[in-house]
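**Student:**
Numbering (our numbering), first residue to last: 203 to 450.
1. Is residue 367 helix, strand or coil when you go by DSSP?
2. Can you find at least 3 beta carbon pairs, one from the stretch 277–285 and one from the stretch 248–264, that sit closer than 8 Å?
3. Going residue by residue through the stretch 252–303, where are the continuous alpha helix (DSSP H) segments of at least 4 residues, counting only ones entirely within it?
4. Between the stretch 339–356 and the stretch 368–387, do three or more beta carbon pairs fall short of 8 Å?
5. From the DSSP output, in three-state form, read off residue 386 for me.
6. Pull up the CB-CB distance for residue 445 and residue 428, whole angstroms please, since I reckon it's below 8 Å.
7. So, is residue 306 buried or exposed, given that buried needs 16 or more other C-beta atoms within 10 angstroms?
8. Look at the alpha carbon of residue 312 and the alpha carbon of residue 391, and state the distance between them as a whole number of angstroms.
9. Any idea what DSSP makes of residue 214, helix, strand or coil?
10. Have a look at 287, 386, 400 and flag the residue whose alpha-carbon is nearest the alpha-carbon of residue 375.
11. DSSP three-state call for residue 221: helix, strand or coil?
12. Beta-carbon within less than 6 Å of residue 224's beta-carbon, same chain only, minus the 5 sequence neighbours each way: which residues are those?
13. Rank 372, 361, 315, 304 by C-alpha distance to the C-alpha of residue 350 and give the top, closest one.
14. Enumerate in chain order the residues of its own chain whose CB-to-CB distance from residue 212 is below 6 Å, with the five nearest sequence positions on each side excluded.
15. For residue 436, name the three-state secondary structure that DSSP assigns.
16. Inspect the CB distances between the stretch 365–375 and the stretch 331–342 and report whether three or more fall short of 8 Å.
17. Could you give the distance in angstroms between the alpha-carbon of residue 345 and the alpha-carbon of residue 203?
18. Under 8 Å, with one C-beta from each stretch per pair, do the stretch 259–270 and the stretch 284–296 reach the 3-pair mark?
19. Could you say which of 209, 434, 414 lies nearest to residue 389 if we only look at CA atoms?
20. So is residue 275 in contact with chain D if we call contact Cβ pairs under 8 Å?
21. Tell me the DSSP secondary structure of residue 450 in three-state form.
22. Just to confirm, is the Cβ distance from residue 209 to residue 226 under 8 Å?
23. Less than 8 Å between the beta carbons of residue 419 and residue 425, yes or no?
24. DSSP on residue 403, reduced to helix/strand/coil?
25. Return the Cβ separation of residue 314 and residue 238 in integer angstroms, given the expectation that the two are a contact with Cβ distance under 8 Å.
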């Protein structure tokens, strides 16, 4: 087998073994060839990075919650310092992963994308990882990540207008973009408007889908509907239970 085929095969092996960092390394080699990825390759790359960053996003939320409770309980400075240092270690890992993904996207995947689906997929992915950076960042770093994420999502939405409203990639984009509006920009009205419009547009076209497409589309629509229900019932409240397509 050639090097591309070998790296794809090794990525699939790593996925089965749940060794996601090795899966990332194999798929990066494929991405760096500078040619457009197949749908299978594209999904392997996404799954690899999603699992690598997902574990650390979850760890960051847990440690941040513990830190807040330690401060609230007026624990001794030594404990609070230890928790803070541990949080910062996780944040450093998150930053490195996000920068790695963004480099691969900007240098190889987005320039090589030819189809509308590929362009939307990668621009959405860029917005997602910039959103993840904004989640744990503060000050100018958060603002910069937020601005860049907004630009990436908007660029993806523009290209997605060429796709059917029921297309799962387009719906996944709207799902995550609306979460970005709600969680990062604190724009509940924008989040709800975007999500509801996409939901209504897709519902009217469900009867034209094949069984496979129907299942994937309705799954994302369910997540959009859950977010809309959550956001409209928790007006003014902070909530980290929002669903995006990175949630397992």
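Backbone N, C-alpha and C fix where the C-beta goes; we use that ideal spot for every residue, glycine too.
**Tutor:** Considering the structure as presented:
1. In the chain shown, counting from the first residue as 1, residue 367 sits at position 165. Looking at residue 367 - three-state DSSP - the assignment turns out to be coil, as it is neither helix nor strand.
2. no
3. none
4. Yes, the stretch 339–356 is in contact with the stretch 368–387.
5. Stepping through the chain shown from its first residue, residue 386 is reached at position 184. Note: residue 386 maps to coil in three-state DSSP.
6. Indexing the chain shown from 1 puts residue 445 at position 243. Indexing the chain shown from 1 puts residue 428 at position 226. Yes, residue 445 and residue 428 are in contact; Cβ-Cβ is about 6 Å, under 8 Å.
7. Position 104 of the chain shown, counting from 1, holds the residue named residue 306. With 16 or more Cβ atoms within 10 Å of its Cβ, residue 306 is classed as buried.
8. Position 110 of the chain shown, counting from 1, holds the residue named residue 312. Position 189 of the chain shown, counting from 1, holds the residue named residue 391. Distance from the CA of residue 312 to the CA of residue 391, rounded to the nearest whole angstrom, comes to 30 Å.
9. As a working note, residue 214 is residue 12 in the chain shown. In the structure shown, residue 214 sits in a helix (DSSP, three-state: H, G or I).
10. For this step, residue 375 is matched to residue 173 along the chain shown. Selected option, being the one with the closest Cα: 400.
11. Looking up residue 221 in the chain shown gives position 19. Here residue 221 sits in coil by DSSP.
12. Within the chain shown, numbered from 1, the residue matching residue 224 stands at position 22. 216.
13. Here residue 350 is taken as the residue at index 148 of the chain shown, counted from 1. Here the closest residue by C-alpha is 304.
14. Working through the chain shown from its first residue, we reach residue 212 at position 10. Closer than 6 Å at the Cβ level, and outside the excluded window around residue 212, lie 228.
15. Start at 1 with the first residue of the chain shown, and residue 436 comes out as number 234. Coil, per DSSP.
16. no
17. Against the chain shown, residue 345 aligns to sequence position 143. Against the chain shown, residue 203 aligns to sequence position 1. Residue 345 and residue 203: Cα-Cα distance of roughly 46 Å.
18. yes
19. Looking up residue 389 in the chain shown gives position 187. That would be 434, whose Cα lies nearest to the Cα of residue 389.
20. No chain D appears in the structure shown, which is made up of a single protein chain.
21. Walking along the chain shown from the start, residue 450 turns up at place 248. Note that residue 450 scores 36 on pLDDT, short of 50, meaning its location in the model is unreliable; the coordinates nonetheless yield the value given after this. Reduced to three states, the DSSP call for residue 450 is coil.
22. For the purposes of this step, residue 209 is taken as residue 7 along the chain shown, with counting starting at 1. For the purposes of this step, residue 226 is taken as residue 24 along the chain shown, with counting starting at 1. Cβ atoms of residue 209 and residue 226: not closer than 8 Å.
23. Stepping through the chain shown from its first residue, residue 419 is reached at position 217. Stepping through the chain shown from its first residue, residue 425 is reached at position 223. Against a cut-off of 8 Å, the Cβ pair of residue 425 and residue 419 comes out as no contact.
24. Position 201 of the chain shown holds residue 403. In this structure, residue 403 counts as helix in the three-state DSSP scheme.
25. Translated into the one-based positions of the chain shown, residue 314 becomes position 112. Translated into the one-based positions of the chain shown, residue 238 becomes position 36. The pair is a contact, with the Cβ atoms about 5 Å apart (cut-off 8 Å).
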